[in-house]
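Residue numbers (the numbering used here), protein chains in the order written: chain A, 2 to 404; chain B, 197 to 346.
All C-beta atoms, glycine included, are put in the ideal place defined by N, C-alpha and C.
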Amino acid sequence: MSVLLIGMLLLAGLGLGALGSALFRLPRVVGYIFAGILFAPDFLGGLLGADSTEWTRPIVAVTLGIIAYLIGGAATIGQLRQLGWTIASATAGKVSGSFIAVLAGFSLLGVSVVDVPGWTLALLLAAIATTTAPAAIVAIIHQYRAQGPLTTVLLGMVALDDALALIIFSLVLAGMESSGFAAAVPAIIWEIMAALGFGAAGGYLLERTARYLPEQELQLVALLGAIILLTGLANSWHFSPLLAAMALGFFTRLFGGAHSEPLFRPLENLQEVVFVLFFTLAGLHFSPGVVFSHAGLIVLYFVLRAGGQVVGAMVGARLTGAPRAISHNVGLVMLPQGGVAIGMALLLTGVPRLEDSALLVVNIVTATTLLTETLGAVAVRYGLARAGELGQAAKITDTETTT
Amino acid sequence: MKASEWIAAYTAKPLTVTGECSLQDAARILLDAPQSRDLFVLGDEDKVCGHLGLWHLSTLLLAKPRPSQSLRELVEQITPGCVADHMDDRVMCARADENVDEILYRHDLFQQHVERRVEDIPVVDDQRRMLGVIRLSDLLGKALETMNSG
């Protein structure tokens with residue numbers, strides 16, 4: 002039955018996403034999420050015999066591993082050096098700003114929910130708050146043909162910040178799965194070292210194996226096999242599957258150099274499928290009752306995340322002497338939150354100690370994703386316009402043609 | 197026909213650059229020789245160490261950010277670097293004493309060339325120094341001639 006449901010989710014998500022985009026100019030993710038809600042156990046899912054969402058856990062674990070692999074392989078060491086200090090500092094500022102603001106805000110305001118310890122909710126939401134949705138931001142850059150220093154910084158930041166977000170989320174999870182501070186420190190060290198070690202060894206083996214597999218179809222088998230095997234090993238030996246998959250991507254790119262494209266391209270083509278799955282699965286978990294009874298929390302999370310990242314990114318950019326056009330807009334234009342945040346929230350549904358928090362976190366993140374994908378698009382456009390970069394790509398092309 | 201005989205009969209000039217060459221300069225070299233779509237990168241002692249094609253170069257210099265692009269492609273756009281940063285360092289070469297028909301029968305060599313959008317097959321000596329190129333268009337022309345005469 003779950004196989005039938007996956008097929009329905011994908012096609013309904015595709016249909017509603019495309020319709021919403023064409024008829025109402027809504028971000029496609031809104032349609033994806035509504036498709037998921039349609040097939041929730043309380044609605045059509047119940048009629049189809051899918052009374053629970055437990056079957057989604059292994060799918061989420063593997064698909065989030067694929068996304069982590071792609072994020073890990075997004076940049077080489079040489080490219081990271083070229084990105085420069087402004088991008089690195091603004092990204093660090095944005096990520097730490099949103100993390101600290103959400104953590105401090107939820108903790109200081111004493112937000113508590115029945116069955117969910119206050120610190121647990123605050124830490125999980127703070128970790129998820131650090132993510133960004135690159136596609137939503139790049140869509141605005143593309144639509145308005147933006148070009149300039151802020152656009153360049155933005156493109157660099159979207160490539161880096163989900164990597165930092167995955168690291169923070171993995172460490173928070175490792176700490177939470179341990180019992181007490183004394184146990185958490187060695188657990189976190191093991192999570193990092195084992196993930197790096199297995200990821201590096203896997204990247205080396207994958208790249209070497211791919212040399213003997215000339216057909217891309219066979220390379221894809223090796224690639225998916227490596228990610229799934231690493232995810233399984235991580236679950237069995239208690240190290241972070243996300244960090245390990247990220248390390249796998251990073252080291253595959255490192256060992257493969259310019260030749261590594263065939264080891265990324267097939268999964269990059271699958272990325273939209275993964276995100277449709279994430280958003281529709283998030284819709285499956287969506288509960289109007291939970292959302293309405295925690296509307297205050299949703300608004301609080303949205304405001305704290307936005308405020309924290311605007312201030313954090315501004316401080317980070319100013320530290321490296323970035324011009325005002327960058328520092329005063331860069332946090333604002335990073336507002337959209339998307340697939341990675343949803344994937345992280347969904348992953349919590351499979352963590353034994355966090356089951357009580359998971360449903361609430363999924364609903365908060367899904368609701369705020371709807372908010373940030375719609376309001377975020379406006380914020381991106383406003384920030385780029387304020388920096389004077391909208392339409393600059395078209396102007397440059399025209400000038401080059403006439404001279 | 198041996199590869200050495202082929203490059204003597206069909207004198208296609210190979211385009212070569214060094215790894216430190218900027219992408220813009222590499223593009224200019226390609227534009228100055230519109231019949232060629234491949235740049236071969238020469239390393240120490242002028243050995244062939246990489247390949248960069250017109251298609252790849254064009255995407256690096258012309259492509260604008262699109263939502264369908266991967267993070268890897270976005271990073272590539274804002275970190276142009278030099279030829280060595282983007283070249284394919286596993287370029288397949290033919291030896292001078294190899295038979296041209298044999299080169300085409302070597303499935304993996306031909307498929308790799310097609311997959312990596314390489315149109316010229318470089319012919320190298322024992323030290324992997326460039327002797328010339330076998331151009332795909334010449335191979336096709338020769339094949340058509342043979343078909344017509346047959």
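(request) Going by CA-CA distance only, name the one from B:S232, B:L253, B:Q273 that's closest to R262 (chain B). (result) By one-based count along the second sequence, residue 262 (chain B) stands at place 66. Of the candidates B:S232, B:L253, B:Q273, B:Q273 places its Cα closest to the Cα of R262 (chain B).
(message) If you follow the alpha helix (DSSP H) that F279 (chain A) is in, where does it begin and where does it stop?
(response) Within the first sequence, residue 279 (chain A) is the residue found at index 278, counting from 1. Residues 266-286.
(message) Counting only C-beta atoms, is D221 (chain B) closer than 8 Å to chain A at any point?
(response) Position 25 of the second sequence, counted from the first residue, corresponds to residue 221 (chain B). Cβ-Cβ to chain A under 8 Å: no for D221 (chain B).
(message) Quick check: is the beta carbon of V271 (chain B) nearer than 8 Å to any beta carbon in chain A?
(response) As a first step, residue 271 (chain B) must be located in the second sequence, where it is residue number 75. Yes, V271 (chain B) lies at the interface with chain A (some Cβ there is under 8 Å from its Cβ).
(message) Comparing C-alpha positions only, which one of A:I7, A:L110, A:I193 sits nearest to L298 (chain A)?
(response) Residue numbering aside, residue 298 (chain A) sits at position 297 when the first sequence is read from its first letter. For the residues A:I7, A:L110, A:I193, the minimum Cα distance to L298 (chain A) belongs to A:L110.
(request) Tell me, please, whether the region 285-298 of chain A touches the region 80-89 of chain A by the rule of three or more beta-carbon pairs shorter than 8 Å. (result) Not touching, per the Cβ criterion.
(message) Cβ closer than 9 Å: which chain A residues qualify as neighbours of G277 (chain B)?
(response) On the second sequence, position 81 is the one that residue 277 (chain B) refers to. Among the residues of chain A, those whose CB is under 9 Å from the CB of G277 (chain B) are G79, Q80, Q83, following chain order.
(message) Is it buried or exposed, G106 (chain A), if we count other Cβ atoms within 10 angstroms and call 16 or more buried?
(response) What you label residue 106 (chain A) is simply residue 105 of the first sequence in a count that begins at 1. Buried, because 16 or more other Cβ atoms sit within 10 Å of the Cβ of G106 (chain A).
(request) Over the uninterrupted beta strand (DSSP E) stretch that includes P337 (chain A), give me the two end residues. (result) Translated into positions along the first sequence, residue 337 (chain A) becomes position 336. Membership of P337 (chain A) in any beta strand (DSSP E) is not indicated, and neither H nor E is assigned to it by DSSP.
(request) Taking L156 (chain A) as the query, report the chain B residues whose CB atoms sit under 9 Å from its CB, ordered along the chain. (result) To locate residue 156 (chain A), count along the first sequence from 1; it is residue 155. The CB of L156 (chain A) comes closer than 9 Å to the CB of P261, L270, V271, Q273, I274 in chain B, given here in chain order.
(message) If we define contact as Cβ-Cβ less than 8 Å, is E269 (chain A) a contact residue for chain B?
(response) As a working mapping, residue 269 (chain A) is identified with position 268 in the first sequence. Chain B contact via Cβ: present.
(message) Looking at chain A, is there any beta carbon in it that lies within less than 8 Å of the beta carbon of L300 (chain B)?
(response) In the second sequence, the residue the question calls residue 300 (chain B) occupies position 104. No, its Cβ sits nowhere closer than 8 Å to a Cβ of chain A.
(request) Go ahead and pull the three-state DSSP assignment for H239 (chain A). (result) Residue mapping note: residue 239 (chain A) aligns to position 238 of the first sequence, counting from 1. The answer is coil: DSSP assigns H239 (chain A) none of H, G, I, E or B.
(message) Excluding the 5 residues flanking R325 (chain B) on each side, which residues of the same chain have their C-beta closer than 8 Å to its C-beta?
(response) Along the second sequence, one-based indexing puts residue 325 (chain B) at 129. If you ignore the 5 residues before and after R325 (chain B), its C-beta comes within less than 8 Å of the C-beta of E241, D242, K243, V244, all in its own chain and listed in chain order.
(request) In the DSSP assignment, find the unbroken beta strand (DSSP E) run with T214 (chain B) in it and report its ends. (result) Stepping through the second sequence from its first residue, residue 214 (chain B) is reached at position 18. Bounds of the beta strand (DSSP E) holding T214 (chain B) are 211-214.
(request) Assign I78 (chain A) to one of two classes, buried (16 or more other C-beta atoms within 10 Å of its C-beta) or exposed (fewer than that). (result) As a working mapping, residue 78 (chain A) is identified with position 77 in the first sequence. Here I78 (chain A) is exposed: its Cβ has fewer than 16 other Cβ atoms, across all protein chains shown, within 10 Å.
(message) For a quick check, are the C-beta atoms of N364 (chain A) and V291 (chain A) less than 8 Å apart?
(response) As a first step, residue 364 (chain A) is located in the first sequence; it is residue number 363 there, counting from the start. As a first step, residue 291 (chain A) is located in the first sequence; it is residue number 290 there, counting from the start. Cβ atoms of N364 (chain A) and V291 (chain A): closer than 8 Å.
(request) Taking the CB atoms as reference points, tell me whether L221 (chain A) and V352 (chain A) lie closer together than 8 Å. (result) Start at 1 with the first residue of the first sequence, and residue 221 (chain A) comes out as number 220. Start at 1 with the first residue of the first sequence, and residue 352 (chain A) comes out as number 351. No.
(message) Does the CB of R224 (chain B) have a neighbour CB from chain C at under 8 Å?
(response) Protein chains in the displayed structure are A and B, and chain C is not among them.
(request) Say whether chain A places a C-beta atom closer than 8 Å to the C-beta of S333 (chain B). (result) Residue mapping note: residue 333 (chain B) aligns to position 137 of the second sequence, counting from 1. Answer no: the Cβ-Cβ gap between S333 (chain B) and chain A never drops below 8 Å.
(request) Starting from D281 (chain B), follow the alpha helix (DSSP H) in both directions and report where the run begins and ends. (result) Position 85 of the second sequence, counted from the first residue, corresponds to residue 281 (chain B). Segment 279-282, the alpha helix (DSSP H) holding D281 (chain B).
(message) For L231 (chain A), which residues in the same chain have their Cβ closer than 8 Å to its Cβ, ignoring the five residues on either side in sequence?
(response) Numbered from 1 along the first sequence, position 230 holds the residue referred to as residue 231 (chain A). Contacts found: G66, F199, G200, G203, P242, A245, A246, L249.
(request) Taking A160 (chain A) as the query, report the chain B residues whose CB atoms sit under 7 Å from its CB, ordered along the chain. (result) The residue you call residue 160 (chain A) lines up with position 159 of the first sequence. Here the neighbours are L267, L270, V271.
(request) Report back the beta-carbon spacing between E208 (chain A) and T281 (chain A) to the nearest angstrom; my notes put them in contact at under 8 Å. (result) The residue you call residue 208 (chain A) lines up with position 207 of the first sequence. The residue you call residue 281 (chain A) lines up with position 280 of the first sequence. With a Cβ gap of about 33 Å, E208 (chain A) and T281 (chain A) do not count as contacting.
(request) Determine whether the Cβ of L278 (chain A) lies closer than 8 Å to any Cβ atom of chain B. (result) In the first sequence, residue 278 (chain A) corresponds to position 277, counting from 1. Cβ-Cβ to chain B under 8 Å: no for L278 (chain A).
(message) Contact between the region 317-324 of chain B and the region 285-298 of chain B is defined here as three or more beta-carbon pairs at a separation below 8 Å; is this criterion met?
(response) Three or more pairs of CB atoms, one per stretch, sit closer than 8 Å, so the region 317-324 of chain B contacts the region 285-298 of chain B.
(message) Using a Cβ-Cβ cutoff of 9 Å, what residues of the region 353-371 of chain A are near chain B? List them in chain order.
(response) The region 353-371 of chain A vs chain B, Cβ under 9 Å: nothing.
(message) Does the structure place the region 172-189 of chain A close enough to the region 200-219 of chain B that three or more beta carbon pairs sit under 8 Å?
(response) With the cut-off at 8 Å, the region 200-219 of chain B and the region 172-189 of chain A do not touch.
(request) Would you kindly work out how many angstroms separate the C-alpha atoms of E361 (chain B) and D281 (chain B), rounded to a whole number? (result) This structure gives no information on residue 361 (chain B), because the portion of chain B shown stretches from 197 to 346.
(message) Counting only Cβ pairs nearer than 8 Å, list the residues of chain B close to I142 (chain A).
(response) On the first sequence, residue 142 (chain A) is found 141 positions in, with the first residue counted as 1. Within 8 Å Cβ-Cβ: P261.
(message) Given a cut-off of 8 Å on the beta-carbon distance, is the pair E390 (chain A) and Q148 (chain A) in contact?
(response) Within the first sequence, residue 390 (chain A) is the residue found at index 389, counting from 1. Within the first sequence, residue 148 (chain A) is the residue found at index 147, counting from 1. When the beta-carbon positions are compared, E390 (chain A) and Q148 (chain A) come within less than 8 Å of each other.
(request) Indicate whether at least one CB of chain A lies closer than 8 Å to the CB of D285 (chain B). (result) Residue numbering aside, residue 285 (chain B) sits at position 89 when the second sequence is read from its first letter. Taking 8 Å as the threshold, the shortest C-beta distance from D285 (chain B) to chain A falls below it.
(request) Just the C-alpha distance for T367 (chain A) and F279 (chain A), rounded to the nearest angstrom, thanks. (result) Position 366 of the first sequence, counted from the start, is the residue given in the question as residue 367 (chain A). Position 278 of the first sequence, counted from the start, is the residue given in the question as residue 279 (chain A). Taking C-alpha positions only, T367 (chain A) is separated from F279 (chain A) by approximately 10 Å.
(message) In whole angstroms, give me the CA-to-CA distance for E192 (chain A) and L250 (chain B).
(response) For the purposes of this step, residue 192 (chain A) is identified with residue 191 of the first sequence, where counting begins at 1. For the purposes of this step, residue 250 (chain B) is identified with residue 54 of the second sequence, where counting begins at 1. Distance between the alpha carbons of E192 (chain A) and L250 (chain B): 44 Å.
(request) Could you tell me whether the Cβ atoms of R382 (chain A) and I129 (chain A) are closer together than 8 Å? (result) Taking the first sequence and counting its residues from 1, one reaches residue 382 (chain A) at position 381. Taking the first sequence and counting its residues from 1, one reaches residue 129 (chain A) at position 128. A distance of 8 Å or more separates the beta carbons of R382 (chain A) and I129 (chain A).
(request) Alpha carbon to alpha carbon, how far is L349 (chain A) from V139 (chain A)? Give it in angstroms, no decimals. (result) As a working note, residue 139 (chain A) is residue 138 in the first sequence. As a working note, residue 349 (chain A) is residue 348 in the first sequence. For V139 (chain A) and L349 (chain A), the distance between alpha carbons rounds to 28 Å.
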